[in-house]
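Numbering (this note's numbering), first residue to last: 23 to 117.
Think of the CB as a built atom: it goes at the ideal place given N, C-alpha and C, for glycine as much as any other residue.
Some notes on the structure that comes next.
This is how it looks when you write it as structure tokens:
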């Protein structure tokens, strides 16, 4: 659990495209809350959140790996990380 868990990441509804400064502020708030909760990984189900967190973290100076739920399922079922695209993430994922 962490503060504002259900709040938008900042990429939804065209926020990222129309108002990048609002987008970065929303992402920073979420990432601060995740860091304060000692999150080791971000697991998401939304493709917008996935892309947004993965790309924005480097801009804002965070280093929390981002994994889509389907990637996590694939790994749990024995698929190789390369097949699941883990090497494409901006923040390296270590298992």
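| task | Would you list, in sequence order, the uninterrupted alpha helix (DSSP H) runs of no fewer than 4 residues that lie entirely inside the segment 53-114? | result | Counting whole runs of 4 or more residues, the segment 53-114 contains the alpha helix (DSSP H) stretches 69-82 and 91-98.
| task | Pick out whichever of 109, 71, 116 and 40 has its Cα sitting closest to the Cα of residue 50. | result | Position 28 of the chain shown holds residue 50. The residue with the shortest Cα to Cα distance from residue 50 is 71.
| query | Taking the alpha carbon of residue 15 as the point to measure from, which residue in 28, 27 and 46 has its own alpha carbon closest? | reply | This structure does not reach residue 15, given that the chain is present from 23 up to 117, and the question cannot be answered.
| message | Within 10 Å of its beta-carbon, does residue 89 have 16 or more other beta-carbons around it, so buried, or fewer, so exposed? | response | Taking the chain shown and counting its residues from 1, one reaches residue 89 at position 67. Buried.
| request: Could you pull out every residue in the same chain whose Cβ sits closer than 8 Å to the Cβ of residue 61, ignoring the five residues on either side in sequence? | output: Within the chain shown, residue 61 is the residue found at index 39, counting from 1. Excluding sequence positions up to five before and after residue 61, its CB lies within less than 8 Å of the CB of 24 and 86, all in the same chain and listed in chain order.
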